[in-house]
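Undergrad: Please find one structure pasted underneath; my questions will follow.
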Amino acid sequence: MSYLGFLFANLGRKKVRTWLTFLSIVVCFLLFGLLRTVGGMFSGPVNLAGVDRLVVSPKYSIIDPLPISHMNVLRGLSGVQSAAHADWFGGNYLDFGLAFPTIPVKPREYFNVYSELEITQADLDTFENTRTGAVASRSTAERFGWQIGDTIPIMGNIYPQEDGALLWEFELVGIYDRPNSSGGNFEDFYIHYDYFEEAKQHSKGMIGWISVKVDHPDEAALLASDIDALFENSRNPTRTMTENEYNAQFTKQLGNIGMMINMILTAVFFSILLLVANTMIQSFRERLSDLGVLKALGFNDGWVARMVLYESLLLNVSGAVVGIGLSYLSLIGLEPMLSNFGVVELTSANLIFAMAIAALLGLVVGAIPAIRASSLPIVDVLKARG
Amino acid sequence: MKHIIDIRELHKTYQRGGERISVLDHIDLTVDEGGYLALMGPSGSGKTTLLNMIGGLDVPTKGSVNVCGVNIAQLKGRALANWRAQNIGFVFQFYNLMDVLSAQRNVELPLLLTKLSKKERQKRALTALDIVGLANRAKHKPSELSGGQLQRVAIARALVADQRILVCDEPTGDLDRASANQILDLMEILNTSHHKTIVMVTHDPEAARHAHECLHLDKGRLSAEVNA
């Protein structure tokens with residue numbers, strides 16, 4: 001029997017309880033791995049190098065608009081291959097439970113910048129020439145059973161029409177595909193900017209953001225700073241970033257994601273702390289006589305205390321290893337859905353942090369039983385056993 | 001012959017509330033190496049307390065307890081634990097085996113304190129089990145063994161690290177007559193063939209008859225020798 005085998009044997013005293021506790025720890029660290037990774041995508045550093053497309057957005061808030069005149073300035077800038085503007089229409093289809101991103105765009109410009117979107121030339125021409133036209137992704141069209149020619153009613157919640165009406169109607173004139181989305185959730189519904197611009201009640205001449213295709217990806221970082229410098233002293237300064245960062249910014253409008261994640265994790269770890277501490281204390285009480293016998297056999301107070309502490313560490317750290325391993329596998333599966341927001345990667349910093357928490361948890365919950373085991377009077381324990 | 005146990009002027013008192021209770025009073029006792037001593041007496045007479053003193057589980061209030069050449073009254077903590085591990089094998093009335101470990105692993109336990117390799121520990125545990133006639137039950141858990149077998153496993157654990165003294169507290173107290181006799185025969189073999197010094201507390205006159213010497217303890221004082 002090895003020392004480790006002895007620790008495992010002790011943990012196996014109440015198998016069901018130990019397994020349940022172990023699984024709780026696994027779930028806790030699975031959540032840790034997932035949430036910290038997702039949180040990191042919203043707060044991590046941004047690498048502009050090597051990207052072929054940038055998003056120029058308002059500097060202070062994505063709900064501030066940009067003047068469409070920025071487009072002309074950008075088009076003339078060295079290093080900009082092409083540019084397309086877009087906006088967030090908002091709105092809901094049928095009722096509040098069915099929503100998808102509705103984006104007013106200039107058809108040719110936009111599909112030129114987003115060349116990975118596949119649309120037939122005929123559909124694009126029709127879209128270009130139909131002011132009330134719209135195109136949907138295949139997944140969105142299939143989701144709602146739309147056919148070409150259908151009228152799609154959208155209830156606006158940001159932009160009323162000039163007469164104050166909130167209901168907008170668009171004619172579905174095309175379907176596009178996004179083969180490289182790897183099955184991701186890509187639901188954008190594009191409407192014609194010209195119609196939107198003419199019909200909307202306010203914010204005329206303003207746009208939400210501009211997507212810029214760069215000539216040389218290696219110079220993307222430099223171009224981004226050039227663009228922001230260009231508008232720095234205008235009434236509408238910009239912040240140029242990668243698409244992933246921009247998507248993350250969008251989600252950040254929900255609130256401080258990092259803080260929310262840390263609060264959730266704190267609550268989860270506090271619950272686990274109580275649960276595992278309860279398990280360890282119960283386990284300690286149930287084997288007082290075993291601990292007394294170990295001491296009688298010559299195991300000193302420190303040895304017995306360390307054994308109790310190591311059991312706690314073993315339970316917590318092994319649970320953490322399995323939990324983090326599962327989160328790693330889960331992130332591989334979730335990558336297609338999350339990749340729009342950044343690099344899906346369980347960082348080594350998070351791994352180290354998880355192991356440090358597991359060790360700390362093990363030490364904290366094992367400390368009280370270990371101290372009590374250390375001071376256990378042999379004679380009294382053996383007497384109690386009879 | 002050399003005294004392996006030499007107790008002089010041993011006193012043990014406990015404080016219970018405001019009352020001072022004397023458990024052992026003026027105990028002088030010697031046991032020769034290879035001796036076999038039975039301690040008898042009524043409940044509460046101090047037999048187990050005296051046994052605990054000899055085994056280094058308890059400390060005297062006054063007096064000296066020399067066992068294996070060491071005055072263990074002066075040892076504390078780690079030193080006392082080390083001394084116990086090297087010199088004393090305990091056999092308890094209720095076996096005190098660990099339920100989660102097999103017989104072999106229970107026997108192997110004291111060897112975790114040594115620097116022996118895992119393989120050597122396993123070998124020695126199997127040898128000890130063989131001595132008590134339970135090599136074929138090595139993989140069995142305590143719940144799969146009878147009372148007599150459990151006590152034999154406990155004895156194997158008490159001698160696996162080659163301890164010089166076996167301290168036995170009512171080793172047959174939980175066994176039927178036939179099993180008790182097997183245990184007593186085994187202890188006699190350990191005493192005669194393996195030269196283990198045995199100190200045994202018992203209520204059982206039949207058990208006491210196996211000892212070379214039997215002392216009676218009453219109200220904390222050693223009185224007459226019952227038999228020899």
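Order-wise, the sequence lines are chains A and B.
Here this note's numbering is used: the first residue of the first sequence is 1, the next is one more, and so on.
Here this note's numbering is used: the first residue of the second sequence is 1, the next is one more, and so on.
Note that the Cβ used here is the ideal one computed from N, Cα and C, for glycine as well.
Measure the Cβ-Cβ separation of V113 of chain A and A83 of chain A and say whether it is below 9 Å.
TA: Here residue 113 of chain A is taken as the residue at index 113 of the first sequence, counted from 1. Here residue 83 of chain A is taken as the residue at index 83 of the first sequence, counted from 1. Yes, Cβ-Cβ distance for V113 of chain A and A83 of chain A is below 9 Å.
Undergrad: Run through DSSP, which three-state label would C168 of chain B get?
TA: If you number the second sequence from 1, residue 168 of chain B lands on position 168. Of the three classes helix, strand and coil, the one that applies to C168 of chain B here is strand, per DSSP.
Undergrad: At what residues does the beta strand (DSSP E) containing H216 of chain B begin and finish?
TA: As a working note, residue 216 of chain B is residue 216 in the second sequence. H216 of chain B -> beta strand (DSSP E) spans 213-218.
Undergrad: What is the rounded straight-line gap between the Cα of N300 of chain A and the Cα of L382 of chain A?
TA: Here residue 300 of chain A refers to the residue found at position 300 of the first sequence. Here residue 382 of chain A refers to the residue found at position 382 of the first sequence. Answer to the nearest angstrom: the Cα atoms are 16 Å apart.
Undergrad: Please classify G323 of chain A: is it buried, with 16 or more other beta-carbons within 10 angstroms of its beta-carbon, or exposed?
TA: Here residue 323 of chain A refers to the residue found at position 323 when the first sequence is read from its first residue. Buried, since its Cβ has 16 or more Cβ neighbours within 10 Å.
Undergrad: Is the region 4-13 of chain B touching the region 201-208 of chain B in the sense that three or more CB pairs, one from each, lie closer than 8 Å?
TA: As far as the Cβ criterion goes, the region 201-208 of chain B does not touch the region 4-13 of chain B, which means the pair count is below three.
Undergrad: Show which residues of chain B have a CB atom less than 8 Å away from the CB atom of R388 of chain A.
TA: No information on residue 388 of chain A is available, as it lies outside the stretch 1 to 386 that chain A covers here.
Undergrad: Report the residue from A:T240, A:R13, A:S115 whose alpha carbon sits nearest the alpha carbon of K59 of chain A.
TA: Translated into positions along the first sequence, residue 59 of chain A becomes position 59. With distances taken between Cα atoms, K59 of chain A lies closest to A:T240.
Undergrad: R157 of chain B: which of B:K141, B:K76, B:P110, B:L24 sits nearest, CA to CA?
TA: Within the second sequence, numbered from 1, the residue matching residue 157 of chain B stands at position 157. That would be B:P110, whose Cα lies nearest to the Cα of R157 of chain B.
Undergrad: In the DSSP assignment, find the unbroken alpha helix (DSSP H) run with E286 of chain A in it and report its ends.
TA: What you label residue 286 of chain A is simply residue 286 of the first sequence in a count that begins at 1. Per DSSP, E286 of chain A belongs to the alpha helix (DSSP H) from 257-286.
Undergrad: Measuring only between beta-carbons, confirm whether R78 of chain B sits less than 9 Å from chain A.
TA: On the second sequence, position 78 is the one that residue 78 of chain B refers to. Yes - at least one Cβ of chain A is within 9 Å of the one on R78 of chain B.
Undergrad: Just to confirm the assignment: which complete beta strand (DSSP E) runs, minimum length 3, are found wholly within the region 95-175 of chain A?
TA: Fully enclosed beta strand (DSSP E) runs of 3 or longer: 102-105, 133-137, 151-155.
Undergrad: Which ranges does the alpha helix (DSSP H) cover as unbroken runs of at least 4 residues, wholly within the region 37-99 of chain B, from first to last along the chain?
TA: Fully enclosed alpha helix (DSSP H) runs of 4 or longer: 47-54, 77-87.
Undergrad: Which of the residues in the region 166-197 of chain B, read from start to end, lie with their CB under 7 Å from any CB of chain A?
TA: Result list empty, no residue passes.
Undergrad: Let's test the definition: count the other Cβ atoms within 10 Å of the Cβ of H195 of chain B and tell me whether it reaches 16, buried, or not, exposed.
TA: Working through the second sequence from its first residue, we reach residue 195 of chain B at position 195. Result: exposed.
Undergrad: Using a C-beta to C-beta distance shorter than 9 Å, which residues of chain B count as neighbours of V379 of chain A?
TA: Reading the first sequence from its first residue, position 379 is the one you call residue 379 of chain A. By Cβ distance, chain B contributes T48, T49, N52, L57, D58.
Undergrad: Run through DSSP, which three-state label would F89 of chain A get?
TA: Translated into positions along the first sequence, residue 89 of chain A becomes position 89. The answer is coil: DSSP assigns F89 of chain A none of H, G, I, E or B.
Undergrad: Closer than 7 Å, Cβ to Cβ, to anything on chain B: give me those residues from the region 264-285 of chain A, in chain order.
TA: Listed by position, the residues of the region 264-285 of chain A near chain B (Cβ gap below 7 Å) amount to none.
Undergrad: Below 9 Å between beta carbons: does that hold for D123 of chain A and I175 of chain A?
TA: Taking the first sequence and counting its residues from 1, one reaches residue 123 of chain A at position 123. Taking the first sequence and counting its residues from 1, one reaches residue 175 of chain A at position 175. Taking 9 Å as the Cβ cut-off, D123 of chain A and I175 of chain A qualify as a contacting pair.
Undergrad: Give me the chain B residues within the contact set of N398 of chain A, using Cβ-Cβ distance strictly less than 7 Å, ordered along the chain.
TA: As shown, chain A starts at 1 and ends at 386. That puts residue 398 of chain A outside it, with no answer to give.
Undergrad: Closer than 9 Å, CB to CB, is L314 of chain A near chain B or not?
TA: As a position in the first sequence, residue 314 of chain A is number 314, starting the count at 1. So no, L314 of chain A is outside the interface.
Undergrad: Which residue from A:M71, A:D52, A:F196, A:L30 puts its Cα closest to that of P217 of chain A?
TA: Numbered from 1 along the first sequence, position 217 holds the residue referred to as residue 217 of chain A. Nearest of A:M71, A:D52, A:F196, A:L30 to P217 of chain A, Cα basis: A:D52.
Undergrad: List the whole-angstrom C-beta distance separating L54 of chain A from T242 of chain A, where the pair is believed to meet the contact cut-off of C-beta under 8 Å.
TA: The sequence position of residue 54 of chain A within the first sequence is 54, counting from 1. The sequence position of residue 242 of chain A within the first sequence is 242, counting from 1. So it is a contact: roughly 7 Å between Cβ atoms.
Undergrad: Applying the criterion that 16 or more other CB atoms from any shown protein chain within 10 Å of the CB defines a buried residue, is W168 of chain A buried or exposed?
TA: Position 168 of the first sequence, counted from the start, is the residue given in the question as residue 168 of chain A. When all chains shown are included, W168 of chain A counts as buried.
Undergrad: Determine the extent of the alpha helix (DSSP H) in which E120 of chain B is found, giving its start and end residues.
TA: Here the question's residue 120 of chain B lines up with position 120 in the second sequence. It spans 118-131 - the alpha helix (DSSP H) in which E120 of chain B sits, taken as one unbroken run.
Undergrad: Return yes when the Cβ of V153 of chain B is within less than 9 Å of the Cβ of S47 of chain B, no when it is not.
TA: In the second sequence, the residue the question calls residue 47 of chain B occupies position 47. In the second sequence, the residue the question calls residue 153 of chain B occupies position 153. Contrary to the premise, residue 47 of chain B reads as Lys rather than Ser in this sequence. No.
Undergrad: Just to check, is the beta-carbon of R372 of chain A closer than 8 Å to a non-hydrogen atom of the ligand ATP?
TA: Ligands in the displayed structure: none, and consequently the ligand ATP is not present.
Undergrad: If you draw a straight line from the alpha carbon of L274 of chain A to that of G362 of chain A, how long is it in whole angstroms?
TA: Mapped onto the first sequence, residue 274 of chain A falls at position 274. Mapped onto the first sequence, residue 362 of chain A falls at position 362. Going from the Cα of L274 of chain A to the Cα of G362 of chain A covers about 12 Å.
Undergrad: Closest Cβ-Cβ distance between K118 of chain B and chain A: below 9 Å?
TA: Here residue 118 of chain B corresponds to residue number 118 of the second sequence, with the count starting at 1. Closer than 9 Å to some Cβ of chain A, the Cβ of K118 of chain B qualifies, so yes.
Undergrad: Compare the C-beta of R124 of chain B with all C-beta atoms of chain A and state if any pair is closer than 9 Å.
TA: Numbered from 1 along the second sequence, position 124 holds the residue referred to as residue 124 of chain B. False, the Cβ-Cβ gap to chain A never drops below 9 Å.
Undergrad: What number of angstroms, rounded off, separates the C-alpha of P60 of chain B from the C-alpha of G325 of chain A?
TA: Counted from its first residue, the second sequence places residue 60 of chain B at position 60. Counted from its first residue, the first sequence places residue 325 of chain A at position 325. Each residue's alpha carbon lies about 55 Å from the other.
Undergrad: Verify the CB distance criterion: does L37 of chain B have a CB-CB separation below 9 Å to chain A?
TA: Counting from one through the second sequence, the residue named residue 37 of chain B turns up at place 37. Chain A contact via Cβ: absent.
Undergrad: Specify the secondary structure class of R16 of chain B as computed by DSSP and reduced to three states.
TA: Looking up residue 16 of chain B in the second sequence gives position 16. If DSSP states are grouped into helix, strand and coil, R16 of chain B belongs with the strands.
Undergrad: State the Cα-Cα distance for the pair F89 of chain A and L222 of chain A, rounded to the nearest angstrom.
TA: Here residue 89 of chain A is taken as the residue at index 89 of the first sequence, counted from 1. Here residue 222 of chain A is taken as the residue at index 222 of the first sequence, counted from 1. Looking at the two C-alpha atoms, the distance is approximately 31 Å.
Undergrad: Leaving out the 5 sequence neighbours to the left and right, which residues in its chain are closer than 6 Å to A49 of chain A when beta-carbon positions are compared?
TA: In the first sequence, the residue the question calls residue 49 of chain A occupies position 49. Reliability fails at A49 of chain A, whose pLDDT of 48 lies under 50, so the model's placement of it is uncertain and the value that follows must be treated cautiously. Around A49 of chain A: A221.
Undergrad: Do I378 of chain A and K295 of chain A have their beta-carbon atoms positioned less than 9 Å apart in this structure?
TA: What you label residue 295 of chain A is simply residue 295 of the first sequence in a count that begins at 1. What you label residue 378 of chain A is simply residue 378 of the first sequence in a count that begins at 1. Contact: yes.
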